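From first to last, the protein sequence lines are chains A and B.
For the first sequence, position 243 matches number 243 in our numbering, and the numbering has no gaps at all.
Position in the second sequence (from 1) plus 1000 gives the number in our numbering.
Glycine included, every Cβ here is placed at the ideal spot set by N, Cα and C.
Predicted model only: the values in this text are computed from it and were never measured.
Each remark here refers to the structure printed beneath this line.
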Amino acid sequence: MSAAGLPRGASSGWSRHVLLGSVLLVTAIVIGAPVLAVFVQALSQGLGYALASLAHPDTRAAILLSVTVALVVVPINTLFGIAAAWSIAKFRFPGRKLLLAIVELPFSVSPIVAGISYLFVYGGQGLFGPFLEAHDLKIMFALPGIILATTFVTAPFVARELLPLMQLQGNSDEEVAATLGANGWQTFFRVTLPNIRWGLLYGVVLCNARVLGEFGAVSIVSGNIRGETNTLPLHVELLYHDYNAAGAFAAAAVLTVVALVTLLVKTLLERVSGQAGARRGH
Amino acid sequence: MRRLPFVTAAVLFALAAGPAHAEAPGSILNASYDVARELFVAVNEAYGAKYNKETGKTLEIKQSHAGSSKQARSILEGLEADVVTFNQATDIQVLADKGFVAADWTAKFPDNASPFYSLPVFLVRAGNPKGIKDWNDLVRDDVKLVFPNPKTSGNARYTYLAATAYAKEAFGGDEAKANDFVKKFLSNVAVFDTGGRAATTTFVERELGDVLITFETETLGIRKEFGADKFDIVVPSVSLLADFPVAVVDKVADKRGSKEIATDYLNFLYSPEGQTILAEFGNRVRDKAVAEKFAASFQPVRLVTVEEEFGGWPAVNKKYFGSDGLLDQQLAGQ
């Protein structure tokens, strides 16, 4: 949008500077300062202390658990996201709108509600509690529960990225492939997947960031067992309340670095996909 | 395709369920209250060494810490804790009512199954600038208090009841005057946090209020952590005995075959070695010899109990903490 398109008053130098200045100020106070504080606090007792607290067995276990959860949840939600976006974008069927709403539900449900509702279903006093107990299947307060809760919270990320992309591209490429005799899988891998690859990667990166950062739902189903069911964000809180601020911020710095890398990858992907889109358009 | 995630998840459960089941009692889980983290790190280390010496085997003692009501809830929902070490008898009673813990759990270990105890005391800023000596100083207009909300915190329930017990005695049983005293006491609170550790942070790091009221063990911990020259501990003339009860979670221990180890672990808390560790962390202990040794750390105080003074927790919960109980009425009048 060019300044010429705006009313005269809005584009005058004075108001533009005030607007820009206040946005920068708010960004610095609300986003910049806390991120900076994480690193300053993490290094407050020296780099050696920060590294030593990351090497502590409980912190190592928390990092390992978070990575394990990401390794399981991200592929699940990637497959789910592709399947959901594919069916919603490319087909017309009864209940399509409903499916769309359900896929997006985790965005609008508070994670803590998600955690508690899993307890109501899989907890000892819950719906399947007696069945699970009789068969000695442990879901809540163990890895499966953490994976379930995280999967729920991060389910929409990939689907949400792919949907508009798939809808925009329509069915014409796939129809051409079909007329040329390609079967379903060939069409998917040779036509659809290359078309959505950047959007897909973008969704996967966002999903991964959220999986590693999820706190609310996991805190309900984790049971807070040190070195066993404490994910990295839970461990940050635990260390903070242990009067170990430097240790807490060192662990928080790991999460922040992941976030910054995510941001970088995201920006690169946007650039690449923008160019790919531009090429396609020509 | 849409079924795939669920199939994958089901396979994962099966995989994860395997090791959880095969886990011999080479480990036990102690679900404990929030501020006992440092304490049980020390206890577990000592017990682990003792166990190793006696049996030649290693035992991993896992810790889980949160508000003790949240812990009780988690255990009901399936958190497999072999033992609980709480700061509220009511939270173990919840487990007993549902059959997770023996109905006569208070008789399973000595001293009402409470190997150690503490009491609400006052922490003031260095030099006691406001000259705080007893509960009646806390209702002065120039004094601001910090303690957690009795609605959510067991720690604060002891504080509230201790103030009430003082008022009952001070006014010779005049209920109306005692009620006014507690009302004024509550109106002097600067910040109501949800838990004990959060109240500590408010008082120590945000520097709000003149007096922090919390367990003696927490005040000793604060002085150790932030410097003994920064705060003074004031022990009032009378306070309330806060039992820290323990129990074996039979339902879990029977299933995992860990009952013997779990019982031995809790008995260790009563041994001279265990009692010494508890005392080192600022808890008052039962063992006479150990108590004698640490007498210098603990100022003499007259303690009343919830049973004698208020007729037990069920009566207290009904009269004071239930919805529309006395606490609600006193808070509403402000």
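*What in chain A is Cβ-close to B:Q1063, meaning under 8 Å?*
I225, R226
*asked:* Using C-beta distances below 7 Å, list every residue in its chain close to A:V211, excluding the 5 sequence neighbours before and after it, in chain order.
replied: Excluding five sequence positions before and after A:V211, the CB atoms of its chain that fall closer than 7 Å to its own CB belong to V69, A70, V73, V74, T150, T154, given in chain order.
*Mind checking if A:G181 is an interface residue toward chain B, Cβ cutoff 8 Å exclusive?*
no
*Measure the C-alpha to C-alpha separation of B:P1148 and B:F1321 and round it to an integer number of angstroms.*
Distance between the alpha carbons of B:P1148 and B:F1321: 14 Å.
*First and last residue of the beta strand (DSSP E) that includes B:I1061?*
Start and end: 1060-1065.
*Go ahead and pull the three-state DSSP assignment for A:I225.*
strand
*Please classify B:F1040: does DSSP put it in a helix, a strand, or coil?*
When secondary structure is reduced to three states using DSSP, B:F1040 falls in the helix class.
*In whole angstroms, what is the alpha-carbon distance linking A:V261 and A:N208?*
Rounded to whole angstroms, A:V261 and A:N208 show a C-alpha spacing of 11 Å.
*Does the beta carbon of B:R1256 sit closer than 8 Å to a beta carbon anywhere in chain A?*
no
*Between A:A114 and A:G216, what straight-line distance do the alpha-carbon atoms span, to the nearest angstrom?*
If I take the Cα positions, the gap works out to 9 Å.
*asked:* Determine, for B:R1037, whether the minimum Cβ-Cβ distance to residues of chain A falls below 8 Å.
replied: yes
*Mark B:K1230 as exposed unless 16 or more other C-beta atoms lie within 10 angstroms of its C-beta, in which case mark it buried.*
exposed
*Residues bridged to B:T1085 by DSSP?*
B:S1032, B:V1246
*So A:I82 is in the beta strand (DSSP E); what residue range does that whole segment cover?*
Where A:I82 is concerned, there is no enclosing beta strand (DSSP E), although the alpha helix (DSSP H) it sits in stretches over 57-90.
_chain A residues whose Cβ lies nearer than 8 Å to that of B:S1206_ = The sequence given here has Arg at residue 1206 of chain B, not Ser. Within chain A, no residue comes near B:R1206; the closest Cβ sits about 14 Å away, beyond 8 Å.
*Please indicate yes or no: does the CB of A:G126 lie closer than 7 Å to some heavy atom of the ligand GTP?*
By its list of ligands, the structure shown contains no ligand whatsoever, and the ligand GTP lies outside what it can speak to.
*Any chain A beta carbon closer than 8 Å to B:L1029*: yes
*asked:* Spatial neighbours of A:P156 within its chain, please: C-beta separation below 7 Å, excluding the five flanking residues on both sides.
replied: V103, E104, P106, F107
*Based on the DSSP output, what are the partners of B:V1304 in its beta bridges?*
B:L1240
*Taking B:A1072 as the reference, give the member of B:T1058, B:G1311, B:A1096 with the closest Cα.*
The option with the nearest alpha carbon to B:A1072 is B:A1096.
*Mind checking if A:H235 is an interface residue toward chain B, Cβ cutoff 8 Å exclusive?*
no
*Beta-carbon of A:I269 versus every beta-carbon of chain B: anything under 8 Å?*
According to the sequence displayed, residue 269 of chain A carries Leu and not Ile. Not one chain B Cβ lies under 8 Å of A:L269.
*Mind listing which residues of the region 1222-1241 of chain B have their C-beta closer than 8 Å to chain A's C-betas, in chain order?*
E1225
*Which residues in the same chain as B:V1189 place their Cβ atom closer than 6 Å to its Cβ, once the five residues preceding and following it in sequence are excluded?*
Result list for B:V1189: L1145, in chain order.
*If you follow the beta strand (DSSP E) that B:V1211 is part of, which residue opens it and which one closes it?*
1211-1215
*Which chain A residues sit within Cβ distance under 9 Å of B:R1157?*
Ordered by position in chain A, no residue passes the 9 Å Cβ test against B:R1157, which lies about 20 Å from the chain.
*Could you tell me if B:K1251 is buried or exposed, where buried requires 16 or more neighbouring beta carbons within 10 angstroms of its beta carbon?*
buried
_Range covered by the alpha helix (DSSP H) that runs through B:F1203_ = 1196-1204
*asked:* So B:L1326 contacts chain A; which residues on that side make the cut at Cβ distance below 7 Å?
replied: Those within 7 Å of B:L1326 in chain A number zero; the least Cβ separation is about 31 Å.
*Start and end of the beta strand (DSSP E) containing B:S1118?*
Run containing B:S1118: 1116-1118, per the beta strand (DSSP E) assignment.
*List, in order along the chain, the chain A residues whose C-beta lies closer than 8 Å to that of B:G1026?*
Neighbours of B:G1026 on chain A: none; closest Cβ ~13 Å, over 8 Å.
*List the endpoints of the continuous beta strand (DSSP E) containing B:D1180.*
Unbroken run through B:D1180 is the alpha helix (DSSP H), 1175-1187; no beta strand (DSSP E).
*Run the CB neighbour count on A:G213, radius 10 Å, all protein chains shown included, and call it buried at 16 or more, exposed below.*
When all chains shown are included, A:G213 counts as buried.
*Short Cβ contact (8 Å threshold) for B:N1155 with B:F1226*: With contacts defined as CB atoms closer than 8 Å, B:N1155 and B:F1226 fail to qualify as a contacting pair.
*asked:* Output needed for A:W198: all residues of its chain with C-beta closer than 7 Å, excluding positions within five of it in sequence on either side, in chain order.
replied: L269, V272, S273, A276
*Out of curiosity, what's the CA-to-CA distance linking A:N183 and A:S87?*
17 Å
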